[in-house]
Structures are given as C-alpha cells and as structure tokens.
Amino acid sequence: MKSFVCVLLCSCLVAGIYAAAVEPVVEEVKTDVKPADAATAAPEMELVIDEDCHQPKETGRCFALFYRFAYDVEKRECVEFIYGGCAGNSNNFESKEDCEKKCMKKAEDLKEEKEEKKTEEEEKKTEEEVKKTEEETVDAVTTVLPEKAEEPKAETSSTEKVAVTESS
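Read left to right, the sequence shown gives residues -19 to -1, 1 to 149 (mature numbering (1 follows the signal peptide of the UniProt record, and there is no 0)).
This is the structure:
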C-alpha cells in the first residue's frame, strides 16, 4: 500500500512539472492609462501605438534564451525580455530600433507620411492626365480629315454681261 501511494505521489509531481513547462508565461499589463498619466509621462509627444504593441511581453513555451525587445505600455518604451524561441505574440522585436520604429511613432510623423502619400498620389494622377491628353492630341492630329469638295463657280448672268459691254 505504501508503494502504491509513493508511485501515485511521484507520478502526480512529474505530471505537474511537465504541465508547468508547457504553459506560456504571460505578464499582465495595465492598458487603461488615465489622461493625466499620459500627459505627465510624455507631454512633448503624442504617440500613436500600433495594435501589436499593446500585447503583453510573452516568453513563449520553449526554453531557449533569446534576448528580444517588446513595447511596455506603462513605461512607454521598448524593454528587453527573454524569448523562449516559439509561440509568443507580435510584440517581439529583434532590436530596440525595430521596436521603437514600429511602436513609438509620433502622431506628427504619421501625418507627414500620410501627406507625402497624398502628394505622391496626386502627382501620379496629374502625370496620368497629362499622358492621356497627349495621347488624345496625337490621335486628333493623326486623324485624316476629308478633303473639301470644290465649290461650283458662280456663272454670271446674261444681263450682267450686257451691262459690262455697254459701259465700255
């Protein structure tokens, strides 16, 4: 009976260890930042944060030791964490620069990018319109017009001939 209890206890411990190793580690992040906190944290820049950056740091379920960067919503900066090598989420960047580029864009930068795209689109439209009008003018110039038919010459009447001869 003692050996049965001992085997049962050991199997429960081993099963618990394996179950703990498979579950991913997830940190809970406070996502409801008050406007007062946002103003005091970084008053000089208005950040527009990508959806991927709102996800918590997730180590994943594997046991490798990769140093990666993730955006921390509370600190409003990219922080280093250890990634296990598999699973995880999109808030996982190989370098701090990549993390900052994706997650710390200023609202002004986004506006500038949108304006640049708009001007590029407008330039393309005007170029297309110019090409279209050039093609239309080329088509109009190369179109052959029908030749004019000769107008019949007006014949002078006999009374006019008489009037001309009398005056001479």
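Positions of the beta carbon are idealized from the N, C-alpha and C atoms, including for glycine.
Burial state of Cys59 (16 or more Cβ within 10 Å): Answer is buried; the Cβ neighbour count reaches 16.
Which of helix, strand or coil DSSP assigns to Asp31: The DSSP-derived three-state label of Asp31 is coil.
Extent of the continuous alpha helix (DSSP H) to which Cys80 belongs: That run of the alpha helix (DSSP H) goes Lys77 to Cys84.
C-beta contact flag for Cys67 and Arg42 at 8 Å: With contacts defined as CB atoms closer than 8 Å, Cys67 and Arg42 qualify as a contacting pair.
For Ala51 and Gln36, the rounded distance between their alpha carbons: Taking the Cα positions, Gln36 is about 9 Å away from Ala51.
Proximity to Ile63 [Cα-Cα], best of Lys83, Lys38, Cys84 and Lys77: Closest by alpha carbon: Lys38.
Residue range of the beta strand (DSSP E) that includes Phe62: Phe62 -> beta strand (DSSP E) spans Glu58 to Tyr64.
Three-way DSSP call (helix, strand, coil) for Phe74 in this model: Residue state, collapsed to three classes: strand.
Opposing strand residues paired with Ala51 [DSSP bridges]: In the DSSP output, where bridge partners are listed per residue, Ala51 has Val60.
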